[in-house]
Amino acid sequence: MVGGALSLDLALLAELGVFVVLVLLVVPVARGLGELRQAIEAMTDHDGAAPLVRSASPIVTELWIAILRLTRTWRHRLVEREAELAATLAVLAALPDPVLLLDQRRTIVRANAAAADMFGSNLVGRDLAAVLRNPAILGAADAVLRGDGERNVELTMNLPVERQFSARLAPFAANVDGGAVILTLHDLTATKRSEQMRADFVANASHELRTPLATLLGFIETLRGPAREDRDAEDRFLTIMHEQASRMARLIEDLLSLSRIEMNEHVTPTGRANLRHVIGSVSATLEFRAKARGMRIALDLPSDLPDAQGDPDELAQVFQNLLENAIKYGREGTVIEVTSRLPPRRDAAAPLVAIAVRDHGEGIAREHLPRLTERFYRVDTARSRAMGGTGLGLAIVKHIINRHRGRLEITSELGEGSVFTVSLRAATAEAVVGREGGDGRSSSN
Ligand code: ADP
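First residue of the sequence shown? That's 123 in the numbering used here, and the numbers climb one at a time after it.
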């Protein structure tokens, strides 16, 4: 009996011992975990600073260190992702093409600056249909949302002038603001216009060549057939054929000049042109043509006229075309005046020199002025052709002046005549300072 009671006491003692040991082990861990929870909560609430956890339990301390390391890694990644997102948004904002991100319900969830410029601000949250009322675009957006894949649509918008766009709608996989479709608009107006201009140009050039060619063929047929033995007719026809062939040659020459100049238009010529010399020799070569109409070219250019920055041959072509026009469209017996003037100085470091060619002709109605330098644009086609014009002279002038980064100004008064003023960069800075006409002017012709 005594032995049984003793073993019971020992068992109780052992259990008590285990309990004490457990309490000694578990209590600090439990207390430490409580502190850990508070620390984590404090860190979450105050977003950042990690409080100090100094637990009696080494396990809790190790756990805390691991948690801190994990937090640091995640913070680092977050900063990286935020930087990436900021860079992506900056790229999106800088895109010149409007971009809209739509969610599953076609609501705009993001828009870049170009889109805001085009459709106005406050785009986010609006239905695409309220911004772009175009059935083809809306249909394409729905198709992409149904999972039909990328769609491309061409559309015309009046914003406020008519512009053509190509729209690309593609599925958007990245998980940003619930975006499901990305819509990009690309302005095709300039491309379409240049395609149209190219097509018009080819049509115009072919038309211009076809007429003299048809005349030539007709006369060749006549000379081989009905007029075979007719010496008089032969002489007359050969004269006309020569005129027509010359017209074609002029046209081809002008077309080649134009394409040559256009090819180099982006390169500013670096040479130097003595304008008095250039204009003087052009004027001398045209003297006979002017005389044939009882006209005279009066040059009134100062001896200290600054040189122009540019290509003398191209500038000679500019003044040749302007003087030829003055001879063609000026009234018989009148004087063509070539003068220099100091244009308003836009920039003291880049002075200009301006030359004006004035004729006394019928003048040009105001509505034609903006279009005169277009290829093949003529006020009176029949008259231009009769005068041997190709309709390309002023287009060549404009392109050469563009290449020289200069300006062409046309003013005209009906019944009085026209003035074509060419402004070019002067080759030296001091050359034009403090002088405007008057002294040292020379006059020829
Ligand atoms: P064209 O070979 O027909 O003269 P341009 O390109 O030189 O071609 O000129 C285009 C049109 O501008 C001419 O057809 C003419 O109608 C008008 N024009 C050009 N210069 C003058 C001028 N000095 N006076 C009146 N009209 C002019």
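Using N, Cα and C, we set each Cβ at its ideal position, and we do this for glycine too.
Checklist entry - If we count the other Cβ atoms within 10 Å of its Cβ and call it buried at 16 or more, is Val213 buried or exposed? => result Walking along the sequence shown from the start, residue 213 turns up at place 91. Classification for Val213: exposed.
Next on the checklist: For Ala237 and Glu202, what's the separation of their Cα atoms in angstroms?
Outcome noted: By 1-based counting over the sequence shown, the position of residue 237 is 115. By 1-based counting over the sequence shown, the position of residue 202 is 80. Using only the alpha carbons, I get a separation of about 28 Å.
Item to check | Inter-residue Cα distance where the pair is Ala208 and Thr229 | outcome: Reading the sequence shown from its first residue, position 86 is the one you call residue 208. Reading the sequence shown from its first residue, position 107 is the one you call residue 229. Using only the alpha carbons, I get a separation of about 23 Å.
Checklist entry - Considering only the beta carbon of each residue, do Leu223 and Gly301 sit closer than 8 Å? => result For the purposes of this step, residue 223 is taken as residue 101 along the sequence shown, with counting starting at 1. For the purposes of this step, residue 301 is taken as residue 179 along the sequence shown, with counting starting at 1. Taking 8 Å as the Cβ cut-off, Leu223 and Gly301 qualify as a contacting pair.
Checklist entry - Should Asn256 be counted as a contact of the ligand ADP given a C-beta to heavy atom distance under 7 Å? => result As a first step, residue 256 is located in the sequence shown; it is residue number 134 there, counting from the start. The answer is no for Asn256.
Checklist entry - Roughly how many whole angstroms lie between the Cα atoms of Glu137 and Val151? => result Reading the sequence shown from its first residue, position 15 is the one you call residue 137. Reading the sequence shown from its first residue, position 29 is the one you call residue 151. Whole-angstrom Cα-Cα distance: 21 Å.
Item to check | Coil, strand or helix - His329 by DSSP | outcome: Residue numbering aside, residue 329 sits at position 207 when the sequence shown is read from its first letter. Reduced to three states, the DSSP call for His329 is helix.
Checklist entry - Is the beta carbon of Gln366 less than 8 Å from the beta carbon of Thr337? => result As a working mapping, residue 366 is identified with position 244 in the sequence shown. As a working mapping, residue 337 is identified with position 215 in the sequence shown. Cβ distance < 8 Å, so Gln366 and Thr337 count as in contact.
Checklist entry - In this structure, does DSSP put Ala136 in helix, strand or coil? => result For the purposes of this step, residue 136 is identified with residue 14 of the sequence shown, where counting begins at 1. Correct three-state label for Ala136: helix.
Checklist entry - Can you tell which of Asp354, Val475, Arg332, Gly539 has the C-alpha that lies nearest to the C-alpha of Gln431? => result The residue you call residue 431 lines up with position 309 of the sequence shown. The option with the nearest alpha carbon to Gln431 is Val475.
Next on the checklist: If we require 4 or more residues per run, which alpha helix (DSSP H) segments fall completely within the stretch 422-454?
Outcome noted: 434-451
Item to check | Integer-rounded CB distance, given that Gly537 should sit under 8 Å from Glu484 | outcome: Position 362 of the sequence shown, counting from 1, holds the residue named residue 484. Position 415 of the sequence shown, counting from 1, holds the residue named residue 537. Right, their Cβ atoms sit about 7 Å apart.
Item to check | Complete runs of the beta strand (DSSP E) confined to the stretch 296-342 [at least 3 residues] | outcome: 301-309
Next on the checklist: I'd like the list of long-range same chain contacts for Leu181, defined as Cβ closer than 8 Å, with 5 residues on each side in sequence excluded.
Outcome noted: Against the sequence shown, residue 181 aligns to sequence position 59. Checking the sequence, you will find Ile at residue 181 rather than Leu. Closer than 8 Å at Cβ, skipping near neighbours: Val151, Gly154.
Item to check | Boundaries of the alpha helix (DSSP H) in which Gly261 is found, first to last residue | outcome: To locate residue 261, count along the sequence shown from 1; it is residue 139. It spans 257-267 - the alpha helix (DSSP H) in which Gly261 sits, taken as one unbroken run.
Item to check | C-alpha distance - Leu335 paired with Phe410, whole-angstrom precision | outcome: Sequence index remark: in the sequence shown, residue 335 carries index 213 (1-based). Sequence index remark: in the sequence shown, residue 410 carries index 288 (1-based). If I take the Cα positions, the gap works out to 29 Å.
Checklist entry - Can you tell which of Val404, Met370, Asp435, Gly402 has the C-alpha that lies nearest to the C-alpha of Ile383? => result Translated into positions along the sequence shown, residue 383 becomes position 261. Checking every option, the nearest Cα to that of Ile383 belongs to Asp435.
Item to check | Residue environment, Gln439, which counts as buried when at least 16 other CB atoms sit within 10 Å | outcome: Your numbering for residue 439 matches position 317 in the sequence shown. With 16 or more Cβ atoms within 10 Å of its Cβ, Gln439 is classed as buried.
Item to check | Opposing strand residues paired with Ser405 [DSSP bridges] | outcome: In the sequence shown, counting from the first residue as 1, residue 405 sits at position 283. Beta-bridge pairing links Ser405 to no other residue.
Item to check | For His521 and Glu330, believed in contact at Cβ under 8 Å, the rounded distance | outcome: The residue you call residue 330 lines up with position 208 of the sequence shown. The residue you call residue 521 lines up with position 399 of the sequence shown. Contact flag wrong, Cβ pair sits at about 18 Å.
Item to check | Spatial neighbours of Tyr499 in its chain, beta-carbon cut-off 6 Å, leaving aside the 5 residues before and after | outcome: Residue mapping note: residue 499 aligns to position 377 of the sequence shown, counting from 1. Closer than 6 Å at the Cβ level, and outside the excluded window around Tyr499, lie Arg493.
Item to check | Sheet register partners of Arg480 (DSSP bridge) | outcome: Looking up residue 480 in the sequence shown gives position 358. Paired residue(s): Glu459, Val541.
Checklist entry - If we ignore side chains and look at the alpha-carbon of each, how far apart do Phe95 and Phe287 end up? => result Nothing about residue 95 can be reported from this structure: the residues present for the chain run from 123 to 567 only.
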